[in-house]
Every structure is written in C-alpha cells, then in structure tokens.
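Numbered according to full-length UniProt numbering, the sequence shown spans residues 1 to 191.
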Amino acid sequence: MQHHPKVTQIVQNGLQLLNEQGSQGFTMRKVANSCGISLGNLQYHFKDRDSLLKGMIDFYLQQLIQLTQSVIPQFPKKNKIQQQDIEEMILSILSNSIMEESCQIFREFWAIASRDKTVEDYLHHYSLQCSNMIATIFTPLAPNKPLIIQSIISLLLPYFEGYSLTYKAIPFRDEQVAELLGRIIFQLIQE
1 MQHHPKVTQI
11 VQNGLQLLNE
21 QGSQGFTMRK
31 VANSCGISLG
41 NLQYHFKDRD
51 SLLKGMIDFY
61 LQQLIQLTQS
71 VIPQFPKKNK
81 IQQQDIEEMI
91 LSILSNSIME
101 ESCQIFREFW
111 AIASRDKTVE
121 DYLHHYSLQC
131 SNMIATIFTP
141 LAPNKPLIIQ
151 SIISLLLPYF
161 EGYSLTYKAI
171 PFRDEQVAEL
181 LGRIIFQLIQ
191 E
C-alpha cells in the first residue's frame with residue numbers, strides 16, 4: 001500500500017504520539033503540531049480522529065502482517081513437519097523486534113477500541129485476517145481437518161494478541177513459550 005509521503009509522516013507521527021502519550025493524550029491537533037502542519041492540512045488527509053486512527057491501524061497492522069508473512073516462506077514446505085519447525089516459526093515471530101516494539105501501540109489501540117466501536121470493528125477485521133493467515137500456514141499440514149485448524153487458530157490468535165498485554169509477566173522466555181505452543185500444535189496436527 002503506497003501512501004503520499006505526507007500521509008506516511010502523519011501516520012508515523014500519530015503512532016509515535018500514541019506510543020508516548022497514550023490514548024488520553026492523542027488528539028488531531030497534537031498530531032498536526034508534531035508534523036509541523038495545520039489542523040486543516042491534517043484534516044485534508046484524515047477528516048476526523050476515526051479516519052486517522054484507521055490509517056494508523058492499517059499502517060501498524062500491515063507491519064505485523066508483513067512480519068507474519070515473512071515467516072511463512074521459511075516454514076518448511078513438506079508434508080511431514082517436525083515439532084521443531086513449528087517452534088522455530090513461533091519463536092521467529094515472538095522474538096522479532098517489530099513484535100516487541102508493537103506491544104505498546106497494540107495496547108493503546110485496544111484501549112481506544114474499548115470505547116470506540118469503529119476502532120473495535122477495524123481491529124476485529126484485522127483478527128479475521130490473522131485467522132486466515134494462520135489457516136494458510138497450517139492447512140497443508142492438516143488437510144481436511146478443519147477442526148484442527150480452528151483449534152490452532154483458537155490457540156495462537158489470542159496468544160499473539162494477548163502477548164502484547166502480558167509479555168512482561170509471562171514466566172517463560174520466548175524459547176520456552178515457542179516450545180510449549182509448538183508441542184501443543186504438533187500434537188493437534190498428529191491427531
């Protein structure tokens with residue numbers, strides 16, 4: 001998705017402002033000031049706060065989707081997969097710097113979504129995209145087993161989304177979490 005450089009600057013400054021000041025300190029005027037433009041100029045590109053938030057969510061979530069998609073080609077293309085292959089894929093997502101940097105922003109998006117139905121719906125759409133990506137990764141390993149794929153989605157999706165809220169409190173290191181999730185998924189695939 002190509003954007004005008006000004007739009008990219010607005011979105012990136014908005015993300016930075018949201019990260020630094022949280023949802024309570026996030027205003028259109030502050031974003032405009034951080035970009036060195038007038039509020040009217042900002043509103044030319046984003047008519048209101050919701051449209052700016054959607055643009056920011058698109059930009060941010062596109063980074064996470066690209067991270068996940070970058071892992072897919074590394075995932076072995078074979079019918080007989082090993083537990084270690086699954087663990088390595090999960091670890092490559094968990095230990096990626098984008099994942100760590102994104103946790104704060106993701107928490108802020110969910111905080112806004114708890115009070116803003118438009119943002120909540122937008123994040124729900126993203127969750128559906130993630131479900132489809134997980135299905136794309138694992139369906140070749142469990143063909144004709146939709147319940148297994150749904151189980152894997154039900155395990156990974158809330159884990160990755162919840163990770164942004166709880167990653168500092170998880171008693172296991174990323175390697176241990178990857179091993180645990182990998183073992184569970186491997187057992188599901190073997191059923």
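Backbone N, C-alpha and C define an ideal beta-carbon position, used for all residues, glycine too.
Can you tell me which of the options puts its alpha carbon nearest to the alpha carbon of residue i?
| i | options | result |
| --- | --- | --- |
| residue 70 | 58, 56, 90, 81 | 90 |
| residue 120 | 14, 33, 109 | 109 |
| residue 159 | 33, 15, 134 | 134 |
| residue 42 | 25, 14, 191, 21 | 14 |
| residue 166 | 183, 106, 142, 28 | 106 |
| residue 186 | 176, 28, 84, 102 | 84 |
| residue 50 | 139, 130, 115 | 115 |
| residue 191 | 146, 11, 170, 38 | 146 |
At which residues does the alpha helix (DSSP H) containing residue i begin and terminate?
| i | result |
| --- | --- |
| residue 96 | From DSSP, residue 96 is part of no alpha helix (DSSP H); its letter is neither H nor E. |
| residue 161 | 146-166 |
| residue 5 | 5-21 |
| residue 189 | 174-190 |
| residue 136 | 117-138 |
Apart from the five residues just before and just after residue i, which ones in its own chain have a Cβ nearer than 8 Å to its Cβ?
| i | result |
| --- | --- |
| residue 93 | 67, 68, 71, 99, 160 |
Return the chain-ordered list of same chain residues with a C-beta closer than 7 Å to the C-beta of residue i, the five sequence neighbours on each side being excluded.
| i | result |
| --- | --- |
| residue 178 | 87, 90, 91, 94 |
| residue 184 | 155 |
Can you list, in chain order, the residues of its chain with a C-beta nearer than 6 Å to that of residue i? Leave out the 5 residues immediately preceding and following it.
| i | result |
| --- | --- |
| residue 126 | 61 |
| residue 59 | 11 |
| residue 111 | 23 |
| residue 56 | 11, 14, 15 |
(request) Note down, one range per segment and in chain order, each beta strand (DSSP E) of at least 3 residues found wholly within the region 30-87. (result) none
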